[in-house]
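Remarks on the structure that follows.
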Amino acid sequence: MEGDNELRRVARLFAKLDAFVRHLIAKPRVFDLDYFLDILSNIQCVVIVIGNPGTGKTEYLSKIIRGDAKVCNGTIQTPGLGLAFTNADMAELNRRVGDVYEFRINTLHAEAVGSVGIKSMVGYAIEVPGTKRVVRIRRGGYEYVQEFVDIALAQERLRATIARVVGLPYSMDPFIEALGNRVFHVFDIYVHTQGVSDIEGLINKLWEFDPRLSRAVKLYIDCLAGKVSRVGDINCSPAFDFTTVLPELLRSSIPAVNGDIISSLVIDEYQDWSPLMNAILANWVRYVDCLVVAGDPDQLIYHSLNGAREDAFLSVYKAVKGGRVKGEIIHLSQSHRVLEPLNRLAVGVLRKYTKPQDWDNWGGRSEGSVPMIHIKTWGQVREELLELYNNNKLRKYFILAPVNAGVLYATRSLLNHGIVPFFLKSVPSMVNHYVNKARKAIKNYIEDKATILGALNNDINKYIPTNLDPEEFRIVRNIIKFAFETASREKQSGESDFEALERVINDYLNPKTMTYGANPNAYLYVDTIHTAKGLEANHVILLNWDTKKREIDGYLARLWYVGLTRSRGSITIVMPPEGTKFVSAIPLSVITTEAKKAGIEVINHAKQA
Numbered sequence: 053m054e055g056d057n058e059l060r061r062v063a064r065l066f067a068k069l070d071a072f073v074r075h076l077i078a079k080p081r082v083f084d085l086d087y088f089l090d091i092l093s094n095i096q097c098v099v100i101v102i103g104n105p106g107t108g109k110t111e112y113l114s115k116i117i118r119g120d121a122k123v124c125n126g127t128i129q130t131p132g133l134g135l136a137f138t139n140a141d142m143a144e145l146n147r148r149v150g151d152v153y154e155f156r157i158n159t160l161h162a163e164a165v166g167s168v169g170i171k172s173m174v175g176y177a178i179e180v181p182g183t184k185r186v187v188r189i190r191r192g193g194y195e196y197v198q199e200f201v202d203i204a205l206a207q208e209r210l211r212a213t214i215a216r217v218v219g220l221p222y223s224m225d226p227f228i229e230a231l232g233n234r235v236f237h238v239f240d241i242y243v244h245t246q247g248v249s250d251i252e253g254l255i256n257k258l259w260e261f262d263p264r265l266s267r268a269v270k271l272y273i274d275c276l277a278g279k280v281s282r283v284g285d286i287n288c289s290p291a292f293d294f295t296t297v298l299p300e301l302l303r304s305s306i307p308a309v310n311g312d313i314i315s316s317l318v319i320d321e322y323q324d325w326s327p328l329m330n331a332i333l334a335n336w337v338r339y340v341d342c343l344v345v346a347g348d349p350d351q352l353i354y355h356s357l358n359g360a361r362e363d364a365f366l367s368v369y370k371a372v373k374g375g376r377v378k379g380e381i382i383h384l385s386q387s388h389r390v391l392e393p394l395n396r397l398a399v400g401v402l403r404k405y406t407k408p409q410d411w412d413n414w415g416g417r418s419e420g421s422v423p424m425i426h427i428k429t430w431g432q433v434r435e436e437l438l439e440l441y442n443n444n445k446l447r448k449y450f451i452l453a454p455v456n457a458g459v460l461y462a463t464r465s466l467l468n469h470g471i472v473p474f475f476l477k478s479v480p481s482m483v484n485h486y487v488n489k490a491r492k493a494i495k496n497y498i499e500d501k502a503t504i505l506g507a508l509n510n511d512i513n514k515y516i517p518t519n520l521d522p523e524e525f526r527i528v529r530n531i532i533k534f535a536f537e538t539a540s541r542e543k544q545s546g547e548s549d550f551e552a553l554e555r556v557i558n559d560y561l562n563p564k565t566m567t568y569g570a571n572p573n574a575y576l577y578v579d580t581i582h583t584a585k586g587l588e589a590n591h592v593i594l595l596n597w598d599t600k601k602r603e604i605d606g607y608l609a610r611l612w613y614v615g616l617t618r619s620r621g622s623i624t625i626v627m628p629p630e631g632t633k634f635v636s637a638i639p640l641s642v643i644t645t646e647a648k649k650a651g652i653e654v655i656n657h658a659k660q661a
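This note's numbering puts the first residue of the sequence shown at 53, with every later residue one more than the last.
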């Protein structure tokens, strides 16, 4: 009974924090949109690139930067700065742009870190145990050892330590959120929408919810300010984290490239910029001649991450279209990814809950098979994947869920049935746990040189820990089986059985390589729809699962829009598994109705189950 009361109390706190976040996002104070538009009206040219899913926004931006695409009756001026939203986006834009004199590609966070110096960041100014990394670099026949600090991990561990000190649970698993994680998420949202000038207002508000929440944020701020000497096993001193470093750009001068102040700014995924990021932009654009922003407001799904709103993008778009701001609008309307008429289905579902826009009429690929929508149970999907996997026919499938709980359920189910998936961003702690046990067993097996590949059924079992429960043993055993089968299938010429097995556990069964960034051509990925943004797969399986019934709003509609447009082929929609707490995230009737309007055949296999 006492446990149930605690669960209900925590649930109420989560609900209060969620409502507070919605309030913060609805009323940002750090950014004045009218002031921003007035500034834009005084610069030479603003270019808006609207790119629907798969139409090549990043490629077009790279052409603009290289001077291969003309904007504002000429080529873009240098020196210039290109800003991507994530490190992965930055790497891709850099790769496409190549070497362009006096043009730097970066992220806004990296610019902020550069402005204060990396030694001022958490992990450097505040040493956090277990966050130093060593990499070996081979160049010119020599090997160099370079040490660095994982700042993101240092920030996470500092927050976890503070949460523990004040009595709040904190999860280091990116797929599981505890109350401690949520309060720091609220802190991030607050800074991105309200700034840091009235941080006491946040502390006082959190006190009303639960004093522990307030103490966590207060202690964190004091540690970063050096006002307390020690928290747990961490010595505090003045430092910035990836959130508090951004306001420093509000007080910094406009960036320079090779000592010269930039003349042009190019921004990718502009719809994801928070009010704070836009406030920084407002300070910078007063000094530039050309601003290029690219994105798709219909793919704004990160608002809960940093408080991003569509009004900035849409207002700039309308200002250019209406003549208030000098510039031009470029609409990239031909998708290289999404099959016709799957694009019409995606737009139909989206506009069921959002207002129509000028760029709704975009075209999909006409070549290839006619797309279909398959409705299936999870059991049907799992058996189909198992058959494809056993026959080596899986070719870049995405299994996407709107919530983390769906990812964890599907992952555990796949592991229980002998399929080891990869992930788009982070590896769940659960998978780390099982994979590391399997790796240890395989390494011991290799050291003993017990037998040849294929003759493992009895030999390998003795290398698995005996203290595992039946499910753990089955999963670890399945991961080992995957390693042996992969080694046998991908054994290279001149490679011994054990060398092949060693390579597989290093390349595949390694939490550091089980992500899209390290392995972009794996056979199967499971993750949230959010992490698939910007990516594509041959086939997409959408888990229509949510943890609670909620009203379909613009955010959920955009989330499904992103999910539906990740596929180069057809789509499978999976109904919530029976006997679970999952409910439908979006009404199946909406998908089937819009599919039929778009001329897509819908096959309900679930009725046959």
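Where is the CB? At the ideal position from N, CA and C, for every residue including glycine.
Taking all protein chains shown into account, ALA371 has 16 or more neighbouring C-beta atoms within 10 Å of its C-beta and is therefore buried.
Looking at the DSSP output, MET424 sits in a beta bridge with GLU653.
Counting along the chain, no beta strand (DSSP E) covers GLY166; the unbroken alpha helix (DSSP H) around it starts and ends at 160-168.
Per DSSP, GLN386 lies in no alpha helix (DSSP H) segment; the continuous beta strand (DSSP E) that holds it begins and ends at 386-391. Around the CB of VAL368, 16 or more other CB atoms lie within 10 Å, so the residue is classed as buried. The beta strand (DSSP E) runs lying completely inside the stretch 587-618 and spanning 3 residues or more are 591-595, given in chain order.
Of the candidates PHE294, GLY470 and LEU205, PHE294 places its Cα closest to the Cα of VAL168.
Following the DSSP letters along the chain, one finds VAL269 inside the alpha helix (DSSP H) bounded by residues 263-277. Excluding sequence positions up to five before and after ARG156, its CB lies within less than 6 Å of the CB of LEU133 and VAL309, all in the same chain and listed in chain order. Cβ-Cβ distances below 6 Å link GLY175 to THR183, VAL201, ILE203 and ALA206 in the same chain, with the five nearest sequence neighbours on each side left out; the list follows chain order. In the structure shown, TYR194 falls within a strand segment according to DSSP collapsed to helix, strand and coil. Counted as a single uninterrupted DSSP element, the alpha helix (DSSP H) harbouring LEU231 occupies residues 231-246. Three or more Cβ pairs drawn from the stretch 226-237 and the stretch 62-77 lie within less than 8 Å of each other, which places the two stretches in contact.
Secondary-structure assignment with DSSP links ASP312 through a beta bridge to VAL309. DSSP places THR110 in the uninterrupted alpha helix (DSSP H) bounded by 109-118. Annotation for PHE450: the continuous beta strand (DSSP E) segment containing it runs 449-453.
Between the alpha carbons of VAL344 and ILE102 lies a distance of about 11 Å. For TYR486, DSSP records no beta bridge to any residue. ALA364: member of the alpha helix (DSSP H) spanning 363-374, first to last residue. Judged by beta-carbon spacing, ASN104 lies within the 8 Å limit of SER387, meaning their Cβ atoms are closer than that value. Straight-line spacing of the CA atoms in ILE255 and ARG434 works out to 47 Å. With a cutoff of 8 Å on beta-carbon distance, ILE498 and GLU554 are scored as near each other. Of ASP285, VAL235, VAL297 and ASN287, the smallest CA-CA separation from LYS270 is found for VAL235. Here DSSP, grouped into helix, strand and coil, assigns LEU133 to strand.
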